[in-house]
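Some notes on the structure that comes next.
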Amino acid sequence: MIYASSSSVYGANTRMPFSASHNVDHPMSLYAATKKSNELMAHSYSNLFGIPTTGLRFFTAYGPWGRPDMALFLFAKAILNNEPIKVFNHGMMERDFTYIDDIVEGVTRLIPKPPVSDASWSGDNPEPATSFAPYQIFNIGNSSPVKLLDFIHEIEKQLGVKAQKRMMDLQLGDVTKSWANVDDFFAYTDFKPQVGIEEGIRYFIDWFKVYFSEEKHPVLS
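Here is the structure:
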């Protein structure tokens, strides 16, 4: 079983880049706590029933057909409608944006490679990312954090429209920076995410303009 976890599980951790071997016992939000719980339940099933489970900690996935409540979708819609966008923590955020095609490729590479018991695993010094059970945790991210204001600037450039920015304080439960170490994922799959933020936002904006054209979905009118 391959399932979606999240970079949010790193919570209060500040040692960068985040490694799947780091402790993740201090979530900052209920969402992060549920993702950590998913990983714990997956391990229990791997132990009790011998079900190989692989958890992928996605780092800020984005792209076409994404959730309409996520930042890229909200920003593009507001900018085109000449409405202000909320910029939390006054733009002093960094995210390891990961394009959806890279996420899909990563999942696909894992399908024929289920985890097995880690013979070197020890309860005296437990490794969080593996186990005596057929269980594995990986990060999947670009390993290249991008400042939120640079992210917005790229959207402005692709749309050809300047955003009206409403600077806001940091949201409760949010973190200021995420950055993925994917060395173990690369060693296991021979793959690292390839799509940079300029290319990825261009792909999204091209899709967004077509999908939400006035003829099909008059959301922008």
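If you're matching positions, the sequence shown starts at 12 in this note's numbering and goes up one per residue.
From the three backbone atoms N, C-alpha and C, an ideal C-beta is built for every residue, glycine too.
These numbers come from a predicted model, not from an experiment.
DSSP three-state assignment for residue 51, whether helix, strand or coil: helix
Residue 68 - partner residues in DSSP beta bridges: 16, 150
Segment contact flag, the segment 141-152 with the segment 25-37, C-beta cutoff 8 Å, min 3 pairs: yes
For residue 109 and residue 200, the rounded distance between their alpha carbons: 17 Å
Return helix, strand or coil for residue 62, following the three-state DSSP convention. coil
Beta strand (DSSP E) segment containing residue 96, residue limits: 95-98
Using alpha carbons as the reference points, say which of 49, 88, 15, 91 lies closest to residue 70. 15
Just to confirm my understanding: we take residue 219, look at its own chain, exclude 5 residues before and 5 after, and list those with CB closer than 6 Å. What are they? 87
Mind checking residue 156: buried by the 16 CB within 10 Å criterion, or exposed? buried
Distance between residue 77 and residue 112 (C-alpha atoms, nearest Å): 12 Å
Where does residue 72 land, buried or exposed, given buried means 16+ other C-beta within 10 angstroms? buried
If you reduce the DSSP assignment to three classes, tell me which class residue 224 lands in. coil
Mind pulling the beta strand (DSSP E) runs of 3 or more residues that sit fully within the segment 70-130? 95-98
What distance in whole Å lies between the Cβ atoms of residue 100 and residue 180, which are believed to be in contact at a cut-off of 8 Å? 7 Å
Straight-line gap, residue 232 to residue 224 (C-alpha atoms, nearest Å): At residue 232, the pLDDT of 47 sits below 50, so the modelled position is not reliable; the number obtained from the coordinates is stated separately. Whole-angstrom Cα-Cα distance: 9 Å.
Who are the Cβ neighbours of residue 120 in its own chain at under 7 Å, not counting the five residues just before and after it? 200, 202
Determine the DSSP secondary structure at residue 232, reduced to helix, strand or coil. In this prediction, residue 232 has a pLDDT of 47, which is less than 50 and means its spatial position is unreliable; what the coordinates show is noted afterwards. Correct three-state label for residue 232: coil.
Validate contact between the segment 61-69 and the segment 202-214 using beta carbons, cut 8 Å, 3 pairs: no
If you draw a straight line from the C-alpha of residue 47 to the C-alpha of residue 20, how long is it? 6 Å
Straight-line Cα distance separating residue 56 from residue 198: 25 Å
Continuous beta strand (DSSP E) stretch holding residue 240: start and end: This structure leaves residue 240 out entirely; the chain is present only between 12 and 232.
Is residue 188 helix, strand or coil when you go by DSSP? strand
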